[in-house]
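Going by my numbering, the residue at position 138 of the sequence shown is 143; the numbering climbs one at a time, nothing skipped.
Down below is the structure, laid out as structure tokens.
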Amino acid sequence: MPDKETCVISLAGHNVKKIWVTGALTSYEPGRQGDIIRIADPTGAVSFLLKPHTLDILEQNDLTPPLFISITASPEKNFSSNNNSGIRWVIETCKISTKEDRDAWIIAAADFLLENLQKMKSSLHSKDVEPTIRDAQKHYHIQDEQLKFYAELAEKALNVIKEPGPPVDPGKLILSIIKNHSGPRGIHLDDIYKYSRREALPDDLVKDTIRNLVSEDEVYQPAPGYVKLL
């Protein structure tokens, strides 16, 4: 069975038992022990193991790249590796996000990284060093050049952030979905939810918005479960 106490020592000397990542979903591939997804930020990409029960209200079809998603994941010993010394990151929670969510994550992650890089730099030239930081120094053979490299990565990530655009208007978005994806009978409600989830709109908000559009005579229901533009 997977070791529930598996942790990873970070560059800053933290014992990491869980991570939070928000980025662009770039691929989704089926696997024997779970599906493999790759999430990218401006500095690179990481693969994660996604087990079916993790999706909760989402379905596999909802996670079609390109898409912004936010996940939490924990490290697990990878017993399929040749020497049983590797780890893999197993997703615990998964939800669809927006570019604004991704940008907020970049800012939070970069601030945290830069703060800890500064602490590590100070510790390199100090005799009084915390044991966990000393372990990280030895494990990663940390030098000033490495710390500078990771600081430059943080700055690179921050440089991609632009001023946020206008917030998504749920009514306009749903009308656009109905217009672009309707058939002769209109569009089924389940399909509206599928497309709106890709814009990180909660299902309850979508349901209320559709009800308002019906009451405002923007759309009508030609058959149970279907919606069509008037």
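Note that CB positions come from ideal geometry on N, CA and C, so glycine has one too.
Beta-carbon proximity check, residue i vs residue j, cutoff 8 Å
i: P175; j: L206; result: yes
i: K233; j: V224; result: yes
i: V95; j: E81; result: yes
i: Q186; j: Y198; result: Looking at the sequence shown, residue 186 is not Gln but His. No, the Cβ-Cβ distance between H186 and Y198 is not below 8 Å.
i: A162; j: T48; result: yes
i: I42; j: Y33; result: yes
i: I166; j: I111; result: yes
i: Q65; j: L54; result: no
i: T59; j: K23; result: no
i: M125; j: L158; result: no
Residue i burial status per 10 Å Cβ neighbour count (16 or more: buried)
i: V21; result: exposed
i: T214; result: buried
i: S102; result: buried
i: G91; result: exposed
i: V211; result: buried
i: W25; result: exposed
i: G191; result: buried
i: I147; result: buried
i: S52; result: exposed
i: I179; result: buried
i: I62; result: exposed
i: A50; result: exposed
Run of the beta strand (DSSP E) containing residue i, from where it starts to where it stops
i: K82; result: L72 to K82
i: S32; result: I24 to E34
i: D40; result: D40 to D46
i: R138; result: It is Ile, not Arg, that sits at residue 138 in the sequence shown. That residue, I138, is in no beta strand (DSSP E); its alpha helix (DSSP H) goes P136 to Y145.
i: V219; result: Unbroken run through V219 is the alpha helix (DSSP H), D208 to S220; no beta strand (DSSP E).
i: A113; result: Not the beta strand (DSSP E): A113 falls in the alpha helix (DSSP H), residues K104 to L129.
i: P156; result: The sequence given here has Ala at residue 156, not Pro. Here A156 belongs to no beta strand (DSSP E); instead the alpha helix (DSSP H) covers D149 to L163.
i: I101; result: I92 to I101
i: G170; result: Looking at the DSSP string, G170 is not in any beta strand (DSSP E), and its letter there is neither H nor E.
Extent of the continuous alpha helix (DSSP H) to which residue i belongs
i: G176; result: P175 to H186
i: L194; result: L194 to R202
Item to check | Stretch pair the region 121 to 133 + the region 14 to 28: three plus CB contacts closer than 8 Å | outcome: yes
Next on the checklist: Using a Cβ distance threshold of 8 Å, determine whether the region 128 to 136 contacts the region 23 to 43, with at least three qualifying pairs required.
Outcome noted: With the cut-off at 8 Å, the region 128 to 136 and the region 23 to 43 do not touch.
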